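Following numbering that gives the first Met the number 0, the residues of the sequence shown are numbered contiguously, the last one being 307.
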Amino acid sequence: MPALEEFPVPDIHLVELLPGMAAGAVQVALGHPFDTIKTRSQVHADLAGADGARISSRRAARELINEGGVRALYRGALPPILVNGSKRGLQLALWEYVTPLVGGNSFLSGAVAGVAGTLVSCPLHVVKIRAQTSQTTSTSIAAARHIFANEGPRAFYRGLPQHAVRDIGFAGAYLGTYGSLRDSLPAGLPMRPAVAAVVASTVTWVCLQPLDTVKTMSQAGVAPSELLRRIVTGTGEVDEGSRSTARSVARRAWRGLGAALMRAGPVNATGMMVYEAAKKRVVDWEVAHGVEPYRFGGGAPKAAAAAS
């Protein structure tokens, strides 16, 4: 059996990305149609009524299907397919690694993990959102070409600050809640990772949806000076007649929440079940090869038991 110092370290790093990559691939396959509906309802205020009320998720889905059939729900799927696996692999491995280093604070380690994927994912999110919201450009490649030709390469990082805030907030809240529940729920609870994932994703979206709305609108091409106006008034202009109640402002800030929640529960539950099961296999492989599963920290045995 090889000693730890004789084992190739790069292989350890790569193999411990696999559980998150598997979870990310599953989440994209199951959740992209709901993401397209959410994005369309967030961005297309022009499809709303004259009073600026939000477009419903049902109406957004109907508009998309009328435009291009069921295939329209998978607009912009290529970027998340390319990036979500690697991003999730990096984030989840980093989260598991950092948690013991910060005293077991899974919220703080989740926020750290959220920073990791922002620079990589921002350009691909811009392309995805443009493909999802455009009524003339239906593929990711066409959307990317259009952005480059008309706005230049810097446009691929449009909304980077908003994207970073969104990723840090969502990763901290989701992974923090998930980790706390995963480790505190009864050991005999069936599908414990799924239960933890459903609760964590629901809490995160309900509390932080406005961060996603601002990020999505910014990356769709809404100018920073218009973001607040769009949310407050439902249009790009403010005049004496455009008064908004707190309720209507909240509706616009939480626009697309219905589709997000429909996706979040089953997609995250399935994804985290896949993650924990794959992680158990990786830990077993490391142990069999005489390698301590250090990158999964002290929580690995407990997490592995949860997935069994």
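All C-beta atoms in this analysis are idealised placements derived from N, C-alpha and C, irrespective of residue type, glycine included.
These numbers come from a predicted model, not from an experiment.
Check, Outcome
"Cβ neighbour criterion (16 or more within 10 Å) applied to residue 110", "buried"
"Collapsed DSSP secondary structure at residue 188 in the structure displayed", "coil"
"Under 8 Å between C-beta atoms of residue 119 and residue 83", "no"
"For residue 290, the three-state DSSP class (helix, strand or coil)", "coil"
"Residue from 24, 95, 107 and 58 with nearest C-alpha to residue 76", "24"
"Residue 16 in three-state terms, based on DSSP", "coil"
"Close Cβ partners of residue 59 (< 6 Å) along its chain, the five nearest in sequence each way excluded", "36, 39 and 40"
"Residue 10 classed as buried or exposed, judged by whether at least 16 other C-beta atoms fall within 10 angstroms", "Reliability fails at residue 10, whose pLDDT of 41 lies under 50, so the model's placement of it is uncertain and the value that follows must be treated cautiously. Exposed, because fewer than 16 other Cβ atoms sit within 10 Å of the Cβ of residue 10."
"First through last residue of the alpha helix (DSSP H) which encompasses residue 82", "77–97"
"Nonlocal neighbours in the same chain, by C-beta distance under 8 Å from residue 210, ignoring five residues either side", "161, 164, 165, 168 and 169"
"Residue of 138, 125 and 180 minimising C-alpha distance to residue 156", "125"
"Residue range of the alpha helix (DSSP H) that includes residue 111", "105–115"
"Whole runs of the beta strand (DSSP E) within the stretch 149–217, excluding any shorter than 3 residues", "none"
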